[in-house]
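Just so you know, the sequence shown maps onto residues 0 to 731 in numbering that gives the first Met the number 0. All residues carry an ideal CB built from backbone N, CA and C; glycine is no exception. Model, not experiment: these values are computed from the prediction. One structure below.
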Amino acid sequence: MQQPSQTPRALREALFQERGVLLVTRPAAAAPRPSPGQPGAASDFISDLPDIFVAIRASGQILAFNGHVDLGTGIRTSLAQIVAEELEVDADAVTMVLGHTEATPNQGPTIASASIQISALPLRRAAAQARAWLVARAAGGPIDVAALLRDEHVELPLADDVPTKPAAQYRVVGRSAPRVEIPAKATGELTFVHDVRMPGMLHGRVIRPPYAGRDSGDFVGTSLIGIDEASIAAVPGVVRVYVEGDFVGVVAEREEQAIEAARRLKVRWKAVPPLVDLNAPEAALRAVPAQRRQLLQTGDTTAALAEAAHCIERSYVWPYQMHGSIGPSCAVADWRDDHLTLWSGTQNPHVLRIDMARLSGLDEGAIEIVRMEAAGCYGRNCADDVCADAVLLSRAVGRPVRVQLTREQEHLWEPKGAAQLMDVRGGADANGALTAYQFVTRYPSNDAPVLALLLTGRVPAAPRMLEMGDRTAVPAYGYASLDVACDDVPAIARASWLRGVSALPNTFAHESFIDEVAHRCGADPLAFRLRHLPDTRACELLVALAQAAEWREGARGSRGHQDADGLLRGRGIAYARYVHSKFPGFGAAWAAWIVDVEVDPASGNVRVTRLCVGQDTGMMVNPDGVRHQIHGNVVQTLSRVLREQVRFDDQGVASREWGSYPIIAFPDVPHIEVLLMPRQGESPLGAGESASLPGAPAIANALFDATGVRFTRAPFTPEAVRQGCATALSLA
Numbered sequence: 000m001q002q003p004s005q006t007p008r009a010l011r012e013a014l015f016q017e018r019g020v021l022l023v024t025r026p027a028a029a030a031p032r033p034s035p036g037q038p039g040a041a042s043d044f045i046s047d048l049p050d051i052f053v054a055i056r057a058s059g060q061i062l063a064f065n066g067h068v069d070l071g072t073g074i075r076t077s078l079a080q081i082v083a084e085e086l087e088v089d090a091d092a093v094t095m096v097l098g099h100t101e102a103t104p105n106q107g108p109t110i111a112s113a114s115i116q117i118s119a120l121p122l123r124r125a126a127a128q129a130r131a132w133l134v135a136r137a138a139g140g141p142i143d144v145a146a147l148l149r150d151e152h153v154e155l156p157l158a159d160d161v162p163t164k165p166a167a168q169y170r171v172v173g174r175s176a177p178r179v180e181i182p183a184k185a186t187g188e189l190t191f192v193h194d195v196r197m198p199g200m201l202h203g204r205v206i207r208p209p210y211a212g213r214d215s216g217d218f219v220g221t222s223l224i225g226i227d228e229a230s231i232a233a234v235p236g237v238v239r240v241y242v243e244g245d246f247v248g249v250v251a252e253r254e255e256q257a258i259e260a261a262r263r264l265k266v267r268w269k270a271v272p273p274l275v276d277l278n279a280p281e282a283a284l285r286a287v288p289a290q291r292r293q294l295l296q297t298g299d300t301t302a303a304l305a306e307a308a309h310c311i312e313r314s315y316v317w318p319y320q321m322h323g324s325i326g327p328s329c330a331v332a333d334w335r336d337d338h339l340t341l342w343s344g345t346q347n348p349h350v351l352r353i354d355m356a357r358l359s360g361l362d363e364g365a366i367e368i369v370r371m372e373a374a375g376c377y378g379r380n381c382a383d384d385v386c387a388d389a390v391l392l393s394r395a396v397g398r399p400v401r402v403q404l405t406r407e408q409e410h411l412w413e414p415k416g417a418a419q420l421m422d423v424r425g426g427a428d429a430n431g432a433l434t435a436y437q438f439v440t441r442y443p444s445n446d447a448p449v450l451a452l453l454l455t456g457r458v459p460a461a462p463r464m465l466e467m468g469d470r471t472a473v474p475a476y477g478y479a480s481l482d483v484a485c486d487d488v489p490a491i492a493r494a495s496w497l498r499g500v501s502a503l504p505n506t507f508a509h510e511s512f513i514d515e516v517a518h519r520c521g522a523d524p525l526a527f528r529l530r531h532l533p534d535t536r537a538c539e540l541l542v543a544l545a546q547a548a549e550w551r552e553g554a555r556g557s558r559g560h561q562d563a564d565g566l567l568r569g570r571g572i573a574y575a576r577y578v579h580s581k582f583p584g585f586g587a588a589w590a591a592w593i594v595d596v597e598v599d600p601a602s603g604n605v606r607v608t609r610l611c612v613g614q615d616t617g618m619m620v621n622p623d624g625v626r627h628q629i630h631g632n633v634v635q636t637l638s639r640v641l642r643e644q645v646r647f648d649d650q651g652v653a654s655r656e657w658g659s660y661p662i663i664a665f666p667d668v669p670h671i672e673v674l675l676m677p678r679q680g681e682s683p684l685g686a687g688e689s690a691s692l693p694g695a696p697a698i699a700n701a702l703f704d705a706t707g708v709r710f711t712r713a714p715f716t717p718e719a720v721r722q723g724c725a726t727a728l729s730l731a
């Protein structure tokens, strides 16, 4: 039940007026415009104050500023280590300020595991520049910050050519450090946006339309028939019912009153057109109109396949999946005197400010987003949507309003990870050399505009399409000829990006397929990969992981023949590198899995008995942080591969709570063995996504080794595995 202290804007203004401070700054600038077809929003707004990257006070306090946010990945700790390294201080001497629009540089959205790989670079240079100034001012004497700064106000323009420390001299970067935010979470200090309380604050709740999880079509924003305010006349404390288009919200003095009013309010909606069946999404994905985008073409794949000794054709299907944030989204908005302040758990504060300007009509300079800790996300949840809800209701009542979604609303309306369809045709010659690979992927995702913008009609509810199906679309292996294309299609249900984006399903196809080709050629899956993998670091990772996992070349699993205990056992391997941003993009970390499974053919239950995961992240700022990231990646991926699939009815999303969207439980999590490649002399790479990519094909390949069945449609639920085993038995 905490009240916010000094706003980030006030902190920034104070630093520019302060004596006894050293600042490294640059003129404020708008974030780079997103490339066509890529996520993000463009704005020409530039702050009236310069950007601060590092501030050193005579008191000894060190502040460092980065425009990205920590979504539970631990970058707050890692970024502090980077600054501390260049300043030659302990990491706990540095306080990171992340994401606040009025305190941090606009470095674009926190996506694609790019915070350490890209956005930390100016921070590193700024710290090195501050250290160089202090050393020069000390003139060979001790660096006494209080004495060196005294009553001075020093501003250094950030330079691009500042020399930074060579990795061989690091003493902070590369050493494991505990997460700096954990103590405050453990002791119950103000951490989460859900805890924010303001003087005079009211509570709001929203009533969503019946077309759950759909954000395109003529019915969006036009389906409300009317409301009956008399239906909540007996609810005490109701301050306002606000209606605009299909946006309906209630505001009350107390939270329980707002909850009761939202429950009781009678709302009439028009019938909505039925949604195409997305429970088995392949047909819907094939039916949606597409724009073919050729990504890579070398040689004549058709002719090569006609002559191939081994030719395989497969389709792989990935379902709609949920981010499943553990807590429903929450925000507090205070709109008064033509100024809007938002306390938000958004992952994209500067982009959210653009959307709130569209919603409110205010200039971006009149909007301050104070970024708070919130329920974690893996791409997008309802954090931005609930901000817009709070903004509309705050304007309606002229007071601060806190809005928290229900579990049902979070489940139904969060932008889903999109379903995906991959068609593959490829082959090898009689000597086991890869000859050709034809690959087409379909990924119906978009930027999932903020709901209130759609529900109020401020932006049109037309189908939208991004060019994001091409992540890791090109296979890693040396096929003699390639034909790789992406069918860009508009979203069918409300969808955006989920961890791994389209690269995870694309890898499911690539790595399942190469495994099947190896089997047809009578080759060991690891040896076959190494034979055709031109990437040296990838090969070294696979060899190291195979050694750690005790891989035995030529070993076979049950292949459908039950062991004495009635179980089937198998082992699978898969490799991938997350390649992101506008095609051809650039790579993050290298990752690989080796997994052992037990399958009960009678029940279809799959148990992972051993899981070894390796990653080459380049230089690791905080090795424990990378290890924890990999653990989280693996657990989530196991859940997605074995359990998770959004259910739909004819109106929209039907998975309303955890009972209808089961996730993996603690007893099902195996011991996870992590191998980190020692690459401290290399550049750091994004660590947050790559380890998710090999999970699905590694398990699918292990299932084949156990059952003799190739599973090409995720998730591998007990029902799907039981049916696959039964079908194989009937055909035997």
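Nearest residue (CA-CA) to L264, options A427, S314, G71, V205 = Along the sequence shown, one-based indexing puts residue 264 at 265. The shortest Cα separation from L264 among A427, S314, G71, V205 belongs to V205.
C-alpha distance - E643 paired with I662, whole-angstrom precision | By one-based count along the sequence shown, residue 643 stands at place 644. By one-based count along the sequence shown, residue 662 stands at place 663. Those two C-alpha atoms are separated by around 6 Å.
Extent of the continuous beta strand (DSSP E) run through S480 | Sequence index remark: in the sequence shown, residue 480 carries index 481 (1-based). Per DSSP, S480 belongs to the beta strand (DSSP E) from 480–487.
Beta-carbon separation (whole angstroms), Q128 vs V23, contact threshold 8 Å = Looking up residue 128 in the sequence shown gives position 129. Looking up residue 23 in the sequence shown gives position 24. Yes, they are in contact, since the Cβ atoms of Q128 and V23 sit about 5 Å apart, within 8 Å.
Leaving out five residues on either side along the sequence, give the residues of the same chain with a beta carbon under 8 Å from the beta carbon of R463.
-> Stepping through the sequence shown from its first residue, residue 463 is reached at position 464. These residues qualify, in order along the chain: S215, N445, D446, P448, P489, A490.
Got a sec? Which residues, its chain only, sit under 6 Å from M0 by beta carbon, not counting five neighbours each side?
-> The residue given as residue 0 occupies position 1 in the sequence shown. In this prediction, M0 has a pLDDT of 42, which is less than 50 and means its spatial position is unreliable; nothing more can be read from the coordinates.
Would you report the Cα separation of G571 and A126, rounded to the nearest angstrom?
-> Position 572 of the sequence shown, counting from 1, holds the residue named residue 571. Position 127 of the sequence shown, counting from 1, holds the residue named residue 126. Roughly 45 Å between the two C-alpha positions.
Through-space distance from G651 to A492, alpha-carbon basis | As a working note, residue 492 is residue 493 in the sequence shown. As a working note, residue 651 is residue 652 in the sequence shown. Approximately 8 Å, taken between the alpha carbons.
Endpoints, alpha helix (DSSP H) assigned at C386 | Within the sequence shown, the letter at position 387 stands for residue 386. It spans 382–396 - the alpha helix (DSSP H) in which C386 sits, taken as one unbroken run.
Which word fits H670, buried or exposed, when buried means at least 16 other C-beta atoms lie within 10 angstroms of its C-beta?
-> The residue you call residue 670 lines up with position 671 of the sequence shown. Answer is exposed; the Cβ neighbour count stays below 16.
Please go through the region 178–255 and give each complete beta strand (DSSP E) segment of 3 or more residues, from N-terminal end onward.
-> 201–206, 223–227, 237–243, 246–251
Per DSSP, E367 forms a beta bridge with which residues?
-> In the sequence shown, counting from the first residue as 1, residue 367 sits at position 368. Partner(s): T340.
What are the partner residues of M95, as DSSP defines its beta bridges?
-> For the purposes of this step, residue 95 is identified with residue 96 of the sequence shown, where counting begins at 1. Its beta-bridge partners are A63.
Nearest-angstrom Cβ-Cβ length linking D43 and G364, presumed shorter than 8 Å = To locate residue 43, count along the sequence shown from 1; it is residue 44. To locate residue 364, count along the sequence shown from 1; it is residue 365. With 8 Å as the limit, D43 and G364 do not qualify as a contact, their Cβ atoms being about 12 Å apart.
What distance in whole Å lies between the Cβ atoms of V645 and Y753, which are believed to be in contact at a cut-off of 8 Å?
-> Because the chain is modelled from 0 through 731, residue 753 falls outside the range shown and cannot be assessed.
For A211, which residues of its own chain have a beta-carbon under 7 Å away from its beta-carbon, when the five flanking residues on both sides are left out?
-> In the sequence shown, counting from the first residue as 1, residue 211 sits at position 212. Around A211: L411, W412, Q650, G651, V652.
Which listed residue (A131, R609, T221, H518) has its alpha carbon closest to that of R457 | Start at 1 with the first residue of the sequence shown, and residue 457 comes out as number 458. Taking only the C-alpha atoms, the option nearest R457 is T221.
Going along the chain, which residues of its own chain have a beta-carbon closer than 7 Å to the beta-carbon of A283, five neighbours each way excluded?
-> Position 284 of the sequence shown, counting from 1, holds the residue named residue 283. Only V275, D276, L277, I491 meet the Cβ criterion.
What is the DSSP secondary structure of M0, reduced to helix, strand or coil?
-> Within the sequence shown, numbered from 1, the residue matching residue 0 stands at position 1. Unreliable positioning characterises M0 in this predicted model, as indicated by a pLDDT of 42, which lies under 50. A coordinate reading is not provided.
Answer yes or no: do D514 and L450 have a C-beta to C-beta separation smaller than 9 Å?
-> Here residue 514 is taken as the residue at index 515 of the sequence shown, counted from 1. Here residue 450 is taken as the residue at index 451 of the sequence shown, counted from 1. Not in contact: D514 and L450 (Cβ atoms no closer than 9 Å).
Going by DSSP, which residues form a beta bridge with W317?
-> Translated into positions along the sequence shown, residue 317 becomes position 318. Q419, per the DSSP bridge assignment.
Closest residue to T76 among T434, R178, L391 (Cα-Cα distance) | The count along the sequence shown starts at 1 and reaches residue 76 at position 77. It is R178.
For S689, which beta-bridge partners are listed by DSSP?
-> Stepping through the sequence shown from its first residue, residue 689 is reached at position 690. Note: S689 sits in no beta bridge, so no partner.
Below 8 Å, can you find three or more Cβ-Cβ pairs linking the region 507–526 to the region 427–442?
-> yes
Roughly how many angstroms lie between the CA atoms of L735 and A176, to the nearest whole one?
-> The chain is shown from 0 up to 731; residue 735 falls before or after that span and cannot be answered.
Using CA coordinates, which residue listed in H531, P273, H349, S343 is at the minimum distance from G431?
-> As a working note, residue 431 is residue 432 in the sequence shown. Selected option, being the one with the closest Cα: H531.
Nearest-angstrom beta carbon gap, A332 and V390 [assumed within contact, 8 Å] | The residue labelled residue 390 in the question sits at position 391 within the sequence shown. The residue labelled residue 332 in the question sits at position 333 within the sequence shown. Between A332 and V390 the Cβ distance is about 5 Å, and since that is below 8 Å, they are a contact.
Secondary structure of A587, DSSP reduced to three states | Residue numbering aside, residue 587 sits at position 588 when the sequence shown is read from its first letter. Note: A587 maps to strand in three-state DSSP.
Backbone CA spacing between V153 and D362 [nearest angstrom] | Taking the first residue of the sequence shown as position 1, residue 153 is located at position 154. Taking the first residue of the sequence shown as position 1, residue 362 is located at position 363. V153 and D362: Cα-Cα distance of roughly 31 Å.
Would you kindly report the start and end of the unbroken beta strand (DSSP E) that includes T440?
-> Working through the sequence shown from its first residue, we reach residue 440 at position 441. Segment 433–442, the beta strand (DSSP E) holding T440.
For P288, which residues from the same chain have a beta carbon less than 6 Å from its beta carbon, with the 5 sequence-adjacent residues on both sides left out?
-> Working through the sequence shown from its first residue, we reach residue 288 at position 289. The answer is none, since no qualifying residue turns up.
Please confirm if the region 306–316 is in contact with the region 422–430, defined as three or more CB-CB distances below 8 Å between the two stretches.
-> yes
Using only the heavy atoms of the ligand SAH, determine whether one of them is closer than 8 Å to the beta carbon of L148.
-> You won't find the ligand SAH in this model; it holds no ligand whatsoever.
Label F647 either buried or exposed according to how many other C-beta atoms from any shown protein chain fall within 10 Å of its C-beta, with 16 as the threshold for buried.
-> As a position in the sequence shown, residue 647 is number 648, starting the count at 1. With 16 or more other Cβ atoms within 10 Å, it is buried.
Mapping DSSP to helix, strand and coil, what is R463?
-> As a first step, residue 463 must be located in the sequence shown, where it is residue number 464. R463 falls in the coil class under three-state DSSP.
If A479 and A303 are in contact, beta carbons under 8 Å, what's the gap, nearest whole angstrom?
-> As a position in the sequence shown, residue 479 is number 480, starting the count at 1. As a position in the sequence shown, residue 303 is number 304, starting the count at 1. 6 Å between Cβ atoms; contact.
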